[in-house]
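In what follows, a structure is listed as structure tokens, so that the remarks can point back to it.
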């Protein structure tokens, strides 16, 4: 069940306007031991001191309390991987386990429960002063506070066999508790001076600004084991010999000076110039500050005299272009310093604490810079019923951090260096149409985009290969970021004679196992035969929003999808090897009597078939009806009698249906390769909007 209650009160006069909003959200999760509760309060106020001075404040606080199984991710994974092989619970309440001792219900109910409490507060104060006509000064100070406390308890428990209670099927003897506190504080100061003036057909606007951000973070964790029982969850009651704690704190700052100049002539020609001078505490010396300029312009062709003959058909036509640089300070804190870490080691038979340097510092680190150019078109037709917008862009990011190899004789880890570059080229198209036929009104908005991604430089190094959740990716010049590499699969081995006459990756390969291609034809299979097999970068991402209404009825539908994208099944492919992956595709695997199967021969705890290959590369393009909402607004003749301005009743549903080749796997096409994420839900909502 879910509850969501909101109360909003507003009021004011010529000098003061205020709004108070209270909200309470409460929801149980589908998985046992999951629950979320979130009360929040928000208060906005505007105060007009005089004709030229205005003050405003915005205060927002919310408290999020939630709990979940301590091993929630594992429980979700086992729902995918093991629920088909374990009895959830026997008649006497005993838990069932699969042959390998796994049960998603045990993970959710017995392994323990974790509690989380997140306090989040935001306060913003702003003042606006009109110094002269057209000249305004605005200052704003904001602070954001976040405090998260976590209590993660892991139970001790045992599971006995249903048929023989004297037999313990599974036992965890040690319980444990970890408590975590982390606190962050971010303050922001912005000062803006703007001036705008118009003279005939000329309009000017200028802005000068200063911004400063300060961020602090503190983390503390403590843990103990061996509590008297699972109900005693006070950290002081755990074993003293198992005490464990750690903590750290960090801080960073950002300071910026910026300016903007806008000019337009007769609402026909537009130009904008921007410049930012940003400094970050993450860098040092002359690399701390960097300048980021940009320029944009537009020509409103439909305002030209020569366009008058076409204005009845093409009401608006504008072409525009832009070029600019932006910076990214995403580098590890203190990377330019030669930091030391604590280390315990044995010296003379005694434990001694020391300090050591683990990595080389790089004082030459600087901003990662993105250069982007864009050309676009905006147009409207037929009395502005039809609108079209189109953009083509080229974005190149330089100075990406890489850990380039250094001689082993240095004895330290390599430092990050600004060395890599990535290029993105793409386009975006938006089409909208709105019209009405008597009482029937409709509006359609469609958008589609595509992007090509390529690593253009790794400073002559690489490739770099990574493995995560049974998925192998590569960073190599000329390929997309995190491209999939693997073996090319050529069906299954049909006979033992075919196995004996062809190179294999593993000993013990048998008929029904995947047959991998010897790409370089050297008579053996090894890492040299792994090639680029695909990418998870989506192509032709699209969406369609439909607004329909007839008299007092209204309907909204939101479709979204991707026309071309690939996904590696990942951990699911590995799970087939220990016979625990739930195949919603009717167990269509190879056997001696079923040789035309879709999937290879399963074998417990074997690696033969789950290595990265294009066999496990899934076409995960999809079309979703993401949301649908149907509403009815009561006639004003009824609501006016009870002093109600508007009363609308509605019913809505999310994730209504999905069309995708991923459906045969029983998975959402936007699945995560780790198989540990909470599945997307289809939520039905009934509600009303009331305005007095």
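Numbering (my numbering), first residue to last: 941 to 1632. Think of the CB as a built atom: it goes at the ideal place given N, C-alpha and C, for glycine as much as any other residue. For clarity, every value in this text was computed on a predicted model and none was experimentally measured.
Check each candidate in the options and name the one with the smallest Cα separation from residue i.
i	options	result
residue 1233	1255, 1309, 1293	1309
residue 1059	1603, 1106, 1004	1004
residue 1343	1337, 1356, 1349	1356
residue 1399	1415, 1450, 1391	1415
residue 1272	1306, 1286, 1291	1306
residue 971	1007, 1604, 1538, 1423	1007
residue 1556	1570, 1577, 1456, 1579	1456
residue 1425	1174, 1452, 1466	1466
residue 1242	1320, 1296, 1300	1320
residue 1125	1531, 1193, 1147, 1144	1193
residue 1049	1625, 1082, 1446, 974	974
residue 1487	1249, 1380, 1436	1380
residue 1577	978, 1492, 984	1492
residue 1073	1033, 1056, 1138, 1572	1138
residue 1301	1378, 1537, 1346	1346
residue 1256	1611, 1329, 1313	1329
residue 1032	1181, 1103, 980	1103
residue 1106	1128, 1042, 1161, 1034	1034
For residue i, which residues from the same chain have a beta carbon less than 6 Å from its beta carbon, with the 5 sequence-adjacent residues on both sides left out?
i	result
residue 1191	1156
residue 1259	1239, 1317
residue 1481	1389, 1502
residue 1628	1589
residue 1143	1204
residue 1211	1203, 1237
residue 965	944, 978
residue 1067	995, 1079
residue 1494	1571
residue 1336	1311, 1363
Once the 5 residues before and after residue i are set aside, which same chain residues still bring their CB inside 8 Å of it?
i	result
residue 1052	1009, 1010, 1011, 1092, 1093, 1094, 1095, 1115, 1170
residue 1108	1098, 1099, 1100, 1101
residue 1325	1373, 1374, 1375
residue 1173	1091, 1093, 1117, 1167
residue 1146	1134, 1135, 1136, 1199, 1200, 1201, 1202
residue 1113	1096
Mind checking whether residue i and residue j have CB atoms under 8 Å apart?
i	j	result
residue 1428	residue 1553	yes
residue 1567	residue 1632	no
residue 1293	residue 1304	no
residue 1267	residue 1230	yes
residue 1213	residue 1298	no
residue 947	residue 962	yes
residue 1396	residue 1368	no
residue 1226	residue 1196	no
residue 1205	residue 1159	no
residue 1459	residue 1450	no
residue 1393	residue 1477	yes
residue 1569	residue 1592	yes
Given residue i, which residues of its chain have a CB within under 7 Å of its CB, disregarding the five upstream and five downstream residues?
i	result
residue 1485	1385, 1498
residue 1565	1497, 1499, 1596, 1597
residue 952	958
Is residue i near the ligand HEM, judged by its Cβ being under 7 Å from some heavy atom?
i	result
residue 1431	Judged by which ligands are present, the structure shown has none, so any question about the ligand HEM falls away.
Is it right to say residue i is buried, meaning 16 or more other beta carbons lie within 10 angstroms of its own, or is it exposed?
i	result
residue 1473	buried
residue 1464	exposed
residue 1548	buried
residue 1562	buried
residue 1140	exposed
residue 991	exposed
residue 1518	In this prediction, residue 1518 has a pLDDT of 42, which is less than 50 and means its spatial position is unreliable; nothing more can be read from the coordinates.
residue 1119	buried
residue 1018	buried
residue 1218	buried
residue 1348	exposed
residue 1432	buried
residue 1045	buried
residue 1071	exposed
residue 1406	exposed
residue 1360	buried
residue 1446	exposed
Using a C-beta cutoff of 8 Å, does residue i count as contacting chain B?
i	result
residue 1228	As a matter of chain content, chain B is missing from the structure shown, which is built from one protein chain.
Inset, instruction - Counting only runs of 3+ residues fully inside the stretch 1229-1309, write out the beta strand (DSSP E) ranges in chain order. - result: 1229-1240, 1254-1268, 1281-1287, 1290-1296
Inset, instruction - Please list the segments of the beta strand (DSSP E) lying wholly inside the stretch 1193-1227, counting only runs of 3 or more residues, in order along the chain. - result: As far as the stretch 1193-1227 is concerned, its whole beta strand (DSSP E) runs of at least 3 residues are 1209-1220.
Legend entry - Sequence ranges, beta strand (DSSP E) only - wholly within the stretch 1565-1604, length at least 3: 1586-1600
Legend entry - Whole runs of the alpha helix (DSSP H) within the stretch 1049-1101, excluding any shorter than 4 residues: Segments of the alpha helix (DSSP H) lying fully in the stretch 1049-1101: there are none.
Legend entry - Start-end ranges of the alpha helix (DSSP H) lying completely within the stretch 1411-1465, minimum 4 residues: Fully enclosed alpha helix (DSSP H) runs of 4 or longer: 1436-1440.
Inset, instruction - List in chain order: all unbroken alpha helix (DSSP H) runs of 4+ residues lying wholly within the stretch 1324-1357. - result: none
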